[in-house]
Amino acid sequence: MARKKPLPLYENVTITDCAAEGKCIARVDEKVVFVPFVVPGDIVDIQVRKKRKSYCEAEVVRLVKPSELRQEPMCRHFGVCGGCKWQILPYAEQLRMKQQQVYDQLTRIGKVALPELSPILGSAKTQGYRNKMEFECCNKRWLTREEVESGATFDNMNAIGLHITGAFDKVLPIEQCMLMHPLHNDIRNAIRDYADATAMPYFDIRQQTGLLRDIMIRNSNTGEWMVLVQFHFEREGDKERAEALMEHLTERFPQITSLLYVDNQKCNDTFGDLPVVTYKGNDHIFETMEDLRFKVGPKSFYQTNTDQAHVLYSVARRLAALTGNELVYDLYTGTGTIANFVARQARQVIGIEYVPEAIEDAKVNSTINGIGNTLFYAGDMKDILNDSFIAEHGRPDVIITDPPRAGMHPDVTQTIMRAAPQRIVYVSCNPATQARDLADLDPMYRVEAVQPVDMFPHTPHVENVVLLCRRE
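Heads up, the sequence shown stops at 471 in numbering that gives the first Met the number 0, and the numbers go up one at a time, no gaps.
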């Protein structure tokens, strides 16, 4: 059997530009090479890890000469944790790259006529801006290269942290995440310390055994805190052990106003279809935006950068240009944040969302804010938003759509065009799929405005708001 040819090591390679997913680009032997954890201008030695016909993927084995752009990372986990690949890039440069990313994806994928893009709106906070994080609990911790090369042995292989890219069954233990309020880190580390002190079994992803499975922590701008712990009950006494941890958190952190847990027997960590037990406090927290209050439950979607969410939704409201006479459809409404945010400027707003619990929260959010001109419906967008629905509820004057990363289903874009609203405000967390949908809508709608918004500093992710107007 022939031996595989070793993958090449390239020396003194210059990084030329940023690419998607937080990687950067070099060009070697007439091939594009994608490299993470570098910035344009770095000169590096790189080891190819994957080789394809037209491109390669590589990792840095030596930083020969740092770029003038490069700055010190703020996080001790940088270079291993894949969450904030751009923290070695100055924030102004991050914004420039994100602006370019939006332009490139709309032009290369969408291929539609564009106005001049408005300058990206940066986040006032670049640390401690996330209001929600989830952490895996696993009995197979990821060992860093330094730990492996040290030859040390590790008696405790448990970890609470984040999955390593490409290793679904390995978790990097996180001591401190700089994107969250410090109390997030304190709570997570306290759970780790208690679990280790009481020999609580961590979850084994491959074997699907073990008690401690997943942690979700949320906080709000009202000062409320939600902690949800996922367990995997399999032995007698597991529930009692789980509730002992809950009691420990109750005593240690009086700041927690919503302490919840789930018994998850599934093969994945999603709990949208599982009952949630309220151990202490409420089953929700509240966020505020302007003079509105929003109820957020454990299954609810709410933008994870609270302050920047106000900026994003203000852009959407401005582009919608409501006068008080319009019927507005808010697609993928979540907990009705946008619907309620614009309701006072519209005749009526109808919100549609897949998650039933989120729709119930949306209704509550209208009630507690004294808003009486909203209607909400739960179900799959492509099934609910059809010609019969529009005939029953009226043809919208304006549609606001904020779909998940996959964008809109082709059936949805076709229904929108048959409904023929005067304006569409398209809020997207993935400009690539947004560009695809803009191409589908292009026969009837022209792009009038493009406004990028940065919700996630130090990551390559960017939100983008596009105004489309019906062609006459």
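Think of the CB as a built atom: it goes at the ideal place given N, C-alpha and C, for glycine as much as any other residue.
Exercise for review: Within 10 angstroms of the Cβ of residue 257, are there 16 or more other Cβ atoms? Answer buried if so, exposed if not.
Suggested key: Sequence index remark: in the sequence shown, residue 257 carries index 258 (1-based). Classification of residue 257: buried, given that the 10 Å Cβ count is 16 or more.
Check your understanding: Do residue 390 and residue 298 have their CB atoms nearer than 8 angstroms?
Key -> As a working mapping, residue 390 is identified with position 391 in the sequence shown. As a working mapping, residue 298 is identified with position 299 in the sequence shown. No, these two residues do not count as a Cβ contact at 8 angstroms.
**Study point:** Outcome for residue 269 when other beta-carbon atoms lying within 10 angstroms are tallied against a minimum of 16
**Key:** Start at 1 with the first residue of the sequence shown, and residue 269 comes out as number 270. Residue 269 should be labelled exposed.
Exercise for review: Between the Cα of residue 26 and those of 20, 45, 36, spot the shortest distance and give me the residue it belongs to.
Suggested key: One-based indexing of the sequence shown puts residue 26 at position 27. It is 45 whose Cα lies nearest to the Cα of residue 26.
Check your understanding: Can you tell which of 361, 160, 405, 50 has the C-alpha that lies nearest to the C-alpha of residue 216?
Key -> Counting from one through the sequence shown, the residue named residue 216 turns up at place 217. Nearest option by C-alpha distance: 160.
Point to revise | Proximity of residue 69 and residue 87 at Cβ, strictly below 8 angstroms | key: For the purposes of this step, residue 69 is taken as the residue at position 70 of the sequence shown. For the purposes of this step, residue 87 is taken as the residue at position 88 of the sequence shown. Yes, the Cβ-Cβ distance between residue 69 and residue 87 is below 8 angstroms.
**Study point:** Any 3 or more C-beta pairs closer than 8 angstroms across the region 92-106 and the region 72-83
**Key:** Under the 8 angstroms Cβ criterion, the region 92-106 does not count as touching the region 72-83, having fewer than three qualifying pairs.
Check your understanding: Is residue 355 near the ligand NAD, in the sense that its beta carbon is under 7 angstroms from a heavy atom of that ligand?
Key -> By its list of ligands, the structure shown contains no ligand whatsoever, and the ligand NAD lies outside what it can speak to.
Point to revise | Pairwise C-alpha distance: residue 9 and residue 379 | key: Taking the first residue of the sequence shown as position 1, residue 379 is located at position 380. Taking the first residue of the sequence shown as position 1, residue 9 is located at position 10. Just so you know, the alpha carbons of residue 379 and residue 9 end up roughly 49 angstroms apart.
Review point. Can you tell me whether residue 206 is buried or exposed, with buried defined as 16 or more other CB within 10 angstroms of its CB?
Key: In the sequence shown, the residue the question calls residue 206 occupies position 207. Residue environment for residue 206: exposed (fewer than 16 other C-beta atoms within 10 angstroms of its C-beta).
Review point. Whose C-alpha, out of 333, 341, 309, is nearest the C-alpha of residue 316?
Key: Translated into the one-based positions of the sequence shown, residue 316 becomes position 317. Closest option to residue 316, Cα to Cα, is 341.
Review point. From residue 34 to residue 183, what does the alpha carbon distance come to, in whole angstroms?
Key: For the purposes of this step, residue 34 is taken as the residue at position 35 of the sequence shown. For the purposes of this step, residue 183 is taken as the residue at position 184 of the sequence shown. Whole-angstrom Cα-Cα distance: 31 angstroms.
Check your understanding: Roughly how many angstroms lie between the CA atoms of residue 134 and residue 214, to the nearest whole one?
Key -> By 1-based counting over the sequence shown, the position of residue 134 is 135. By 1-based counting over the sequence shown, the position of residue 214 is 215. Cα to Cα, residue 134 sits roughly 5 angstroms from residue 214.
**Study point:** Distance between residue 55 and residue 457 (C-alpha atoms, nearest Å)
**Key:** Your numbering for residue 457 matches position 458 in the sequence shown. Your numbering for residue 55 matches position 56 in the sequence shown. Taking the straight line joining both Cα atoms gives about 24 angstroms.
Point to revise | Beta-carbon gap between residue 302 and residue 311 smaller than 8 angstroms | key: The residue labelled residue 302 in the question sits at position 303 within the sequence shown. The residue labelled residue 311 in the question sits at position 312 within the sequence shown. Yes; because the gap between Cβ atoms is below 8 angstroms, this pair is in contact.
Practice item. Check each candidate in 396, 308, 38, 393 and name the one with the smallest Cα separation from residue 124. Key: Residue numbering aside, residue 124 sits at position 125 when the sequence shown is read from its first letter. It is 308 whose Cα lies nearest to the Cα of residue 124.
Review point. Quick one: is residue 0 buried, meaning 16 or more other Cβ sit within 10 Å of its Cβ, or exposed?
Key: In the sequence shown, residue 0 corresponds to position 1, counting from 1. At residue 0, the pLDDT of 48 sits below 50, so the modelled position is not reliable and the matter cannot be decided from this model.
Check your understanding: According to the neighbour-count rule (16 or more other Cβ atoms, all chains shown, within 10 Å of its Cβ), is residue 373 buried or exposed?
Key -> Locating residue 373 in the sequence shown gives position 374, counting from the first residue. Counting the other CB atoms within 10 Å of its CB gives residue 373 a total of 16 or more, which places it among the buried residues.
Check your understanding: Three-state secondary structure (DSSP) at residue 448?
Key -> Position 449 of the sequence shown holds residue 448. Of the three classes helix, strand and coil, the one that applies to residue 448 here is strand, per DSSP.
Exercise for review: Go through its chain and collect everything with a Cβ distance to residue 109's Cβ below 6 angstroms, but skip five positions before and after it.
Suggested key: Translated into positions along the sequence shown, residue 109 becomes position 110. Contacts found: 434, 437, 438.
Exercise for review: For the beta strand (DSSP E) containing residue 531, list its first residue and its last residue.
Suggested key: Nothing about residue 531 can be reported from this structure: the residues present for the chain run from 0 to 471 only.
Review point. Secondary structure at residue 206, three-state DSSP: helix, strand or coil?
Key: The count along the sequence shown starts at 1 and reaches residue 206 at position 207. Of the three classes helix, strand and coil, the one that applies to residue 206 here is coil, per DSSP.
Exercise for review: Name, in chain order, the residues that DSSP records as bridge partners for residue 126.
Suggested key: In the sequence shown, residue 126 corresponds to position 127, counting from 1. Note: residue 126 sits in no beta bridge, so no partner.
Exercise for review: Could you tell me whether the region 237-254 touches the region 148-160, using the rule of 3 or more Cβ pairs below 8 angstroms?
Suggested key: No contact exists between the region 237-254 and the region 148-160.
Review point. Which residue's Cα is closest to the Cα of residue 401: 428, 313, 415, 209?
Key: In the sequence shown, counting from the first residue as 1, residue 401 sits at position 402. The shortest C-alpha separation from residue 401 is found at 428.
Practice item. Could you tell me if residue 476 is buried or exposed, where buried requires 16 or more neighbouring beta carbons within 10 angstroms of its beta carbon? Key: Past the boundaries of the shown model lies residue 476; the chain is included only from 0 to 471, so the question cannot be answered.
Check your understanding: For residue 254 versus residue 177, is the C-beta distance shorter than 8 angstroms?
Key -> For the purposes of this step, residue 254 is taken as residue 255 along the sequence shown, with counting starting at 1. For the purposes of this step, residue 177 is taken as residue 178 along the sequence shown, with counting starting at 1. Using a Cβ distance threshold of 8 angstroms, residue 254 and residue 177 do not count as a contacting pair.
Practice item. Pull up the DSSP beta-bridge partners for residue 465, would you. Key: Along the sequence shown, one-based indexing puts residue 465 at 466. Under DSSP, residue 465 shares a beta bridge with 425, 449.
**Study point:** Inter-residue spacing [alpha-carbon to alpha-carbon] between residue 202 and residue 415
**Key:** As a first step, residue 202 must be located in the sequence shown, where it is residue number 203. As a first step, residue 415 must be located in the sequence shown, where it is residue number 416. Approximately 45 angstroms between the Cα atoms of the pair.
**Study point:** DSSP bridge partner residues for residue 388 (one or two, in chain order)
**Key:** Taking the sequence shown and counting its residues from 1, the one referred to as residue 388 is at position 389. None, per the DSSP bridge assignment.
Review point. What is the DSSP secondary structure of residue 307, reduced to helix, strand or coil?
Key: By one-based count along the sequence shown, residue 307 stands at place 308. Three-state result, residue 307: helix.
Check your understanding: If we call anything under 8 angstroms between Cβ atoms a contact, is residue 419 one with residue 469?
Key -> As a first step, residue 419 is located in the sequence shown; it is residue number 420 there, counting from the start. As a first step, residue 469 is located in the sequence shown; it is residue number 470 there, counting from the start. Closer than 8 angstroms, so yes.
Review point. Can you give the Cα-Cα distance for residue 305 and residue 18, rounded to whole angstroms?
Key: On the sequence shown, position 306 is the one that residue 305 refers to. On the sequence shown, position 19 is the one that residue 18 refers to. Rounded to whole angstroms, residue 305 and residue 18 show a C-alpha spacing of 27 angstroms.
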